[in-house]
Amino acid sequence: MSHADPWKTYGKTMEDHGKGRMGMVVFSDRNTEYIRKMQETFDRIGLTVKIVVLEDDGFLPEGIGSPYAFFAYREHPGELEEKDLFYNFLELPLFWEVRLKEGRGAVFHMGVEKARICFKEPVQERNVLRVEWHMEDGWVYRTDFYNRFGLRYISEFRNRQGKVDSKVYYSMENQERVVEQPGNHIISLSGQGGLITCFASQAEFIDHYRKEAGLEEDCILVVQDVQSLGMLELVTDRRGRWRHILFLDRDLLDRYVAMGGQNGSLFYTIPEEYLENHAGREALILTASDQIPHLEDLIGELPDMVFHIAANTQVSDKLNRLTELENVRVYPQISARDLARLWDICDFYLDINHYREIYDAINTAHEKNLVILGFGETVHHRELMADVCIYDGTAWEEMVSGIRRMRADPGMLRDILASQQKQKQKIWNRLLQDAR
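Its first residue numbered 907, the sequence shown is counted upward by one per residue in our numbering.
So this is what it looks like as structure tokens:
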């Protein structure tokens, strides 16, 4: 399969801007499951995007680019084809050989093993994933990583302590293109004529990449790792490199804001479709503390509902005593399996616990289409809730009345859920308006 030129794809993206679809470039520190969800979310809101990630293992999915691939293969756009490298075809010095050894490959010279060959899955096909070059005492001083084009793409050089001293990215002709030195954060860029320039930080390297790739206009950054705050100089940035920065984690966003960051917000995915809510008798509370105002009042006034209270730690005697009530279930140190089951059976989420949120509770409740209710002083993500579901701190009786009406009136339930679902669309509309 031919490898499409990512910048031709980006050009088509910008053509779509005139057809009512806005084109945008979104950077992320690394490729994860969140990036797939992000792509799906952008598609659902009618936004065509180009994704660029700042970590590249050589196996990025089609449609996702990186600065390293850009500089390594910019001289051969569209020429590469996906293929595997059979271990017998590994390029070696004259008189060196490869053999099978204990379910893996090995490189030998004069009867001495020089490297281990690790195979891709399925290993029985014996295609090269990486080659670990080692000394006779076992020290792996260099590891070569091969990519989806069957080419050596990255070499990591390690010291005796196993720490990476340098990391090299290669062109199709096996020439050095990018060299990183993690210890001092220096990145060097080379071309066919040798060294082009050096950068004192990853942020400077990304600036140069954006200029060379024609991506100097407003870009959005998605941050998943706390190290990115420093490596990308996000807090000390005075040049406005990023129009907006999205965080997948509230703690990361709070840290960014506490350090002076002003253009950050949480990233919310929009599901392909919302599950049906039956306004059943199951309600869920996730909490890291026993400070849950009016919990016993709600339990007493709604005896026909079951309250599932789950924690990520052991729970206090105060919560344990509630298990004596017929309509209460308490789950200390809840397992992933039990939590998944509760998300499936519950139709209401009560955001009434003080202190921190656990398990991305509100966003998950939103995606699972649970009705989210809370008190003004306890809600963790007001922006995801329908206004009518946020009650004054002492208005627990109104919350009880609201739950009863929703359970009795399908039309009211439908309207509240529709209002709740629109909240994420409003967030994205504001963000995209700011990014225009």
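Here a beta-carbon is modelled for each residue, glycine too, at the ideal position from N, C-alpha and C. For clarity, every value in this text was computed on a predicted model and none was experimentally measured.
| Asked | Found |
| --- | --- |
| Straight-line gap, Lys1330 to Gly1206 (C-alpha atoms, nearest Å) | 33 angstroms |
| C-alpha distance - Asp1250 paired with Thr1193, whole-angstrom precision | 18 angstroms |
| Which residues DSSP lists as bridging Arg1311, in chain order | In the DSSP output, where bridge partners are listed per residue, Arg1311 has none listed. |
| Local conformation of Phe1055 per DSSP, three classes | coil |
| Distance CB(Asn1053)-CB(Phe1173) smaller than 9 angstroms | no |
| DSSP three-state assignment for His1272, whether helix, strand or coil | helix |
| Helix, strand or coil at Val1070 [DSSP, three-state] | strand |
| Contained beta strand (DSSP E) runs [length at least 3] in the region 959 to 1034, N- to C-terminal order | 1003 to 1007, 1010 to 1015 and 1018 to 1025 |
| Three-way DSSP call (helix, strand, coil) for Ala1216 in this model | strand |
| Alpha helix (DSSP H) segment containing Arg1083, residue limits | Not the alpha helix (DSSP H): Arg1083 falls in the beta strand (DSSP E), residues Glu1082 to Gln1087. |
| Bridge partners - Leu1190, DSSP secondary structure assignment | His1214 and Tyr1255 |
| Inter-residue spacing [alpha-carbon to alpha-carbon] between Ala1271 and Ile1278 | 7 angstroms |
| Same chain, Cβ closer than 8 angstroms to Asn1183, five either side skipped, listed in chain order | Asp1253, Asn1275, Leu1276, Val1277, Leu1319 and Leu1323 |
| Straight-line gap, Glu997 to Gln1087 (C-alpha atoms, nearest Å) | 26 angstroms |
| Residue burial classification, Asn1033 (beta-carbon count within 10 angstroms, cutoff 16) | buried |
| C-beta contact flag for Ala1109 and Leu1135 at 9 angstroms | no |
| Strand pairing of His1040, partner residues [DSSP] | Val1046 |
| Close-in-space but distant-in-sequence residues of the same chain around Phe976 (CB under 7 angstroms, 5 per side omitted) | Tyr1115 and Ala1119 |
| Three-way DSSP call (helix, strand, coil) for Thr947 in this model | helix |
| Classification of Pro999 by the beta-carbon crowding that lies within 10 angstroms, buried from 16 upward | exposed |
| Three-state secondary structure (DSSP) of Cys1125 | coil |
| Per-residue burial, Asp895 [other beta carbons within 10 Å of its own, 16 or more giving buried] | Beyond the ends of the chain as shown, which are 907 and 1342, falls residue 895; an answer cannot be given. |
| Those residues which DSSP pairs with Arg1147 across a bridge | In the DSSP output, where bridge partners are listed per residue, Arg1147 has none listed. |
| Neighbour-count burial assignment, Leu1101, 16 or more Cβ in a 10 Å radius | exposed |
| CB contact flag (Ile1198, Ile1258, <9 angstroms) | yes |
| Val1074 and Ile1060 closer than 9 angstroms at C-beta | yes |
| Endpoints, the beta strand (DSSP E) within which Leu1101 is located | Gly1100 to Phe1105 |
| Spatial neighbours of Glu1304 in its chain, beta-carbon cut-off 6 angstroms, leaving aside the 5 residues before and after | Tyr1297 |
| Closest by C-alpha distance to His1200, when choosing among Ala1246, Val1306 and Leu953 | Val1306 |
| Per-residue burial, Gln1326 [other beta carbons within 10 Å of its own, 16 or more giving buried] | buried |
| Buried versus exposed, by CB contacts within 10 Å (16 or more), Gln1130 | buried |
| Status (buried if at least 16 other CB within 10 Å, exposed otherwise) for Met1312 | buried |
| Cutoff 7 angstroms; reference Leu1208; Cβ partners in own chain excluding five residues on either side | Val1306 and Ile1309 |
| As assigned by DSSP and simplified to three states, the class of Leu1208 | coil |
| Same chain only: Cβ atoms within 7 angstroms of Glu921, ignoring 5 sequence neighbours per side | Because the pLDDT at Glu921 is just 33, under 50, the model does not fix this residue reliably, and the value given afterwards should be weighed accordingly. Result list for Glu921: empty, nothing under 7 angstroms. |
| As assigned by DSSP and simplified to three states, the class of Gly1317 | helix |
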